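Residue 453 in this note's numbering sits at position 435 of the sequence shown, with consecutive numbering throughout. Where a beta carbon is used, it is the ideal one built from N, C-alpha and C, also for glycine. None of these values were measured; they are calculated from a predicted model. Please read the structure below before turning to the comments.
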Amino acid sequence: MASIGQRIRQARLERGMTQQQLADPDLSKSLISLIENDRIRPSLKTLGKLAERLGRPVSEFLEPDLATPKDLQVLMALGEGALSRRDYRKAEEWLEAARSLAEYRREPSVQGKAIVCLAEARIGLDDVDGAESLLAQAENLPIRDERLRIRILYDKANIALLRAKHREGIAFIHQALAALDKLPAPEHELKIRVLLLRGTLYGQLGRMEDALISYHQALEEAESRRNYAALGDAYKGLAMVHRLEGSLDMALEYALRAKECFERIEDLTHLMIASRNLGILLLEKGEPASAKPYLEHSLRLAEDLQQDWSRGLTLTELARCALANGDLAGARRYAEDALSTVVALNDPAERGRVLLVLAEVERAEGNPQDALRYVQEALGIFQRSNLLPELTQAQGLMGELLLTQGNSQEAAPLLLQAYKGTLSLTATRRLAKRLLDDYVP
19 MASIGQRIRQ ARLERGMTQQ QLADPDLSKS LISLIENDRI RPSLKTLGKL AERLGRPVSE
79 FLEPDLATPK DLQVLMALGE GALSRRDYRK AEEWLEAARS LAEYRREPSV QGKAIVCLAE
139 ARIGLDDVDG AESLLAQAEN LPIRDERLRI RILYDKANIA LLRAKHREGI AFIHQALAAL
199 DKLPAPEHEL KIRVLLLRGT LYGQLGRMED ALISYHQALE EAESRRNYAA LGDAYKGLAM
259 VHRLEGSLDM ALEYALRAKE CFERIEDLTH LMIASRNLGI LLLEKGEPAS AKPYLEHSLR
319 LAEDLQQDWS RGLTLTELAR CALANGDLAG ARRYAEDALS TVVALNDPAE RGRVLLVLAE
379 VERAEGNPQD ALRYVQEALG IFQRSNLLPE LTQAQGLMGE LLLTQGNSQE AAPLLLQAYK
439 GTLSLTATRR LAKRLLDDYV P
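What follows is the structure, encoded as structure tokens:
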């Protein structure tokens, strides 16, 4: 088997790079020469930097036969550090290497922890199937660490949330909280995560009072630990609940606090989301001029972070903002840019939302037939996706367009459906709460 140095040299040559091109301020050409000639053994951090610059996984350059227990500890520390920073790609790379090494060294406890952490990285990367498969592997290992079992329950609840199986998620959360209470020493950070997830699940189920309690409990824990990432998440959750309850001023207050927390820890991904949320809240409050700077900030971050999906979402909101400001040309420009982005990402739901904005632009410009064409396409998307809020909006807009054309016969049933849909959005939330009260403590 080729040595580390030989594999690094081969990877460099395959990329057509010289040693000077591979070097950077923290990685000199002379050091690279010593490594490639096997004169010195690189540290794991140096190996990680080389792997990143060569576009290869770090596991490709590891030598399991020569690895020490300390190497495994370092790999886990690097992986968990990247996970806590929400750098999921980097976490995946380090944790995959840790898992392979732990399996080679026959250390099931470390292997189990690496797999669970890797599952959490996959959840962060929206690879739900991959995360679920990893958790099944972890559960088949002889794990004695009760904290790790609680993390598995937490991750299963997170997967249930992503699959809209909210009742199932709540059941996992209650198991996790019961297990946390039985631990000999408190696990504050893990408890915060569980409480935050419980708040999100309750919010999705319409149990707003329970969601508020969960978020406030998480807030107290996070404040005592000075955990600003968790504080930001708790404030973001509280903003979401107050928005759903119609308390836009309270929602704005909490959303601003969330943004401040993410700014403090320089979490650009969540800062991008927080800025977009503030823009949406201000739009809903009827203040498009105030919303625009937040949405533009979110767009810049999405582009810097190369987050195409978030870029598409923000472009849609900027189109709505321009429309509310009477800037029809700007609204069309943003909406067309958003449409090309979400089509490339194969996101039909967001495509439908963009089409509604374009319909509003066409209506404002006096093109009712083009507006109807956009609404009809959006209506079909929302019907297939069972998206009640968007479906209700599309039915209302289509009814209004038909009414202005004098077609009251077709407009009337659509407007009635939109009216019923508006009522059922609140009724569904109340019904979900009543039903869930029978099954969840």
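If you check the CB distance, residue 186 and residue 178 come in under 7 Å. Counting other Cβ atoms within 10 Å of its Cβ, residue 61 stays below 16 and is therefore classed as exposed. Rounded to whole angstroms, the separation of the alpha carbons of residue 79 and residue 225 is 50 Å. In this structure, the beta-carbon distance from residue 261 to residue 269 falls below 7 Å.
Using a 10 angstroms sphere on the CB of residue 216, the tally of other CB atoms reaches 16 or more, which defines it as buried.
If you draw a 10 Å sphere on the C-beta of residue 332, you find 16 or more other C-beta atoms in it, and that means buried.
The DSSP-derived three-state label of residue 251 is helix. Inter-residue distance for residue 277 and residue 103 is about 16 Å (C-alpha atoms, whole angstroms). Residue 113 is not bridged by DSSP to any residue. By DSSP's assignment, residue 45 forms a beta bridge with 42. Where residue 36 is concerned, there is no enclosing alpha helix (DSSP H), because DSSP gives it neither an H nor an E. Per DSSP, reduced to three states, the secondary structure at residue 20 is coil, with no helix or strand assignment. Contact annotation: residue 196 and residue 213 have beta-carbon atoms that are not nearer than 7 Å. Pairing residue 153 with residue 96, the inter-Cα distance amounts to about 21 Å.
Taking C-alpha positions only, residue 404 is separated from residue 255 by approximately 24 Å. Secondary structure of residue 363 (DSSP, three-state): coil. By alpha-carbon distance to residue 324, the top candidate from 290, 258 and 43 is 290.
By the C-beta criterion, the region 301-313 is judged not to be in contact with the region 110-122, since fewer than 3 inter-stretch pairs fall below 8 Å. Less than 7 Å separates the beta-carbon of residue 210 from that of residue 248. By a beta-carbon distance limit of 8 Å, residue 346 does not contact residue 317. Their separation comes to about 19 Å. Look at residue 267 here: in three-state DSSP terms it is helix. Residue 378 is classed as buried because its beta carbon has at least 16 other beta carbons within 10 Å across all chains shown. Sixteen is the threshold: since fewer than 16 other Cβ atoms of the shown chains lie within 10 Å of the Cβ of residue 425, the residue is exposed. About 4 Å separates the beta carbons of residue 108 and residue 100, which is inside the 8 Å limit, making them a contact pair. Three or more Cβ pairs closer than 8 Å define a contact, and the region 349-367 meets that threshold against the region 402-417.
Beyond the five residues adjoining it in sequence on each side, residue 232 comes within less than 7 Å, by CB distance, of 213, 216, 217 and 220 in the same chain, given in chain order. In terms of Cβ geometry, residue 312 and residue 296 form a close pair [threshold 7 Å]. For residue 168 and residue 105, the gap between their C-alpha atoms comes out near 23 Å. Within its own chain, the residues whose Cβ lies closer than 7 Å to the Cβ of residue 280, once the five positions on either side in sequence are excluded, are 250, 288, 289 and 292, listed in chain order.
For residue 55, the CB contacts under 7 Å within the same chain, skipping 5 residues up- and downstream, are 23 in chain order. The beta carbon of residue 136 lies closer than 7 Å to those of 110, 113, 114, 117 and 152 in the same chain, with the five residues before and after it left out. Distance between residue 272 and residue 125, taken at the CA atoms: about 45 Å. The alpha carbon of residue 433 has as its nearest neighbour, out of 421, 422, 420 and 414, the alpha carbon of 414.
Where residue 222 is concerned, the enclosing alpha helix (DSSP H) starts and stops at 206-222. Counting only residues of its own chain and dropping the five nearest sequence neighbours on each side, residue 348 has a CB closer than 6 Å to the CB of 340. Of 130, 383 and 175, the smallest CA-CA separation from residue 141 is found for 175.
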